[in-house]
Amino acid sequence: MTGTFEDQGLPPEYFEAGAPSFVDFLRVHSPDLLPVNRLPERELTMELPHGTTILALTYPGGVMMAGDRRATQGNRIAYRELDKVARGDEYSAVAFAGTVGLAMEMVRLFQVELEHYEKMESAPLSLPGKARRLGAVVQANLGAALQGLAVVPMLAGYDPGEGVGRIYGYDITGAPQEARRFHADGSGSPWAQGALKKLYRDDLTEREAAAVCVHALYDAADDDSATGGPDRTRRIYPTIAVVDADGFRLLPEDEIQGIVEEVVEGRYDRPDGPVAPLR
1 MTGTFEDQGL PPEYFEAGAP SFVDFLRVHS PDLLPVNRLP ERELTMELPH
51 GTTILALTYP GGVMMAGDRR ATQGNRIAYR ELDKVARGDE YSAVAFAGTV
101 GLAMEMVRLF QVELEHYEKM ESAPLSLPGK ARRLGAVVQA NLGAALQGLA
151 VVPMLAGYDP GEGVGRIYGY DITGAPQEAR RFHADGSGSP WAQGALKKLY
201 RDDLTEREAA AVCVHALYDA ADDDSATGGP DRTRRIYPTI AVVDADGFRL
251 LPEDEIQGIV EEVVEGRYDR PDGPVAPLR
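In UniProt numbering, the protein residues as written are 1 to 279.
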């Protein structure tokens, strides 16, 4: 193939050195691709699939993020196997609660944003920088959120400079707020947050942290019909991701299954879950 890139159909602006933000690039050259510029002409009356409960917690040497697998559409189950936890980049994970279609698009846009920045700057963004970039993506969806199509993400990442995991939560305006130790969002978050408060310790091992996540999602599903608990008959288990010094990874399904079996067996003796010691 010969000729310039322009001869092959790419416009000149694609080859100009500009800002390292892919969102800003779209805002200038293809604003119609941003969610804020694709709002419906009138308020939607139909029910759309919504993802529900997500959570994260830190432990020595890393951070863990988890989500249930259910999406609801009004009073019915839309999806049973939705993955709400995804890789942001090598040292971050992102999860979402809210309107599923927009949320998945926002996650992809955030992933491209991080990749674009690293290519432009030859260095990855800092974790606080990633939190601000995700906030900008959320803010671009504000118009849709005000029409009922809200998306609330969560960012968890490992800070190589400090050697610790960090968690950021958001509201629909995109303001990032760092959460200490743990955080939960979505329709089942009040019960998940309560379980995290009860079971969290500063010295959790990775496996213990995963068990705490499963307990928290179990409690959320116990009281919130929009949150899906572990489905052992269909072998559908929560999604759990770890970010540490070795980077992002998803826990294998067989490992999660083993933790789920232990949690469920324990619930036969204590249906409301383990009791935290009084100190």
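For glycine and all other residues, C-beta sits at the position ideal for the given N, C-alpha and C.
Annotated three-state conformation of residue 47 is coil, per DSSP.
The alpha carbon of residue 209 has as its nearest neighbour, out of 229, 177, 61, 51, the alpha carbon of 61. For the 7 Å CB-CB criterion, residue 273 and residue 219 form a contact. For residue 127, the closest alpha carbon among the candidates 256, 191, 85, 165 is that of 165. Residue pairing from DSSP places residue 168 in a beta bridge opposite 155, 178. Bridge pairing for residue 120: absent [DSSP]. In the pairwise beta carbon analysis, the stretch 126-143 is classified as not touching the stretch 75-87: fewer than three pairs are separated by under 8 Å. Counting C-beta atoms within 10 angstroms of its own C-beta, residue 102 has 16 or more neighbours from the protein chains shown and is therefore classed as buried.
The beta carbons of residue 95 and residue 135 sit about 15 Å from each other, so the pair does not count as a contact at 8 Å. Judged by DSSP in its simplified three-state form, residue 231 adopts strand. Going by C-alpha positions, residue 114 is about 7 Å away from residue 124. For residue 87, the beta-bridge partners assigned by DSSP are 93. In this structure, residue 91 and residue 243 form a Cβ contact; the two beta carbons are roughly 6 Å apart against a cut-off of 8 Å. Distance from residue 216 to residue 241 at the Cβ level is roughly 15 Å; contact not present, criterion being Cβ atoms closer than 8 Å. In the DSSP assignment, residue 76 falls within the beta strand (DSSP E) that extends over 76-79. Scanning its chain for C-beta atoms nearer than 8 Å, with the 5 sequence neighbours on each side dropped, one finds around residue 213 the residues 55, 57, 64, 66, 238, 240, in chain order. Counting only residues of its own chain and dropping the five nearest sequence neighbours on each side, residue 133 has a CB closer than 8 Å to the CB of 21, 23, 110, 113, 114, 117, 125. Residue environment for residue 235: exposed (fewer than 16 other C-beta atoms within 10 angstroms of its C-beta).
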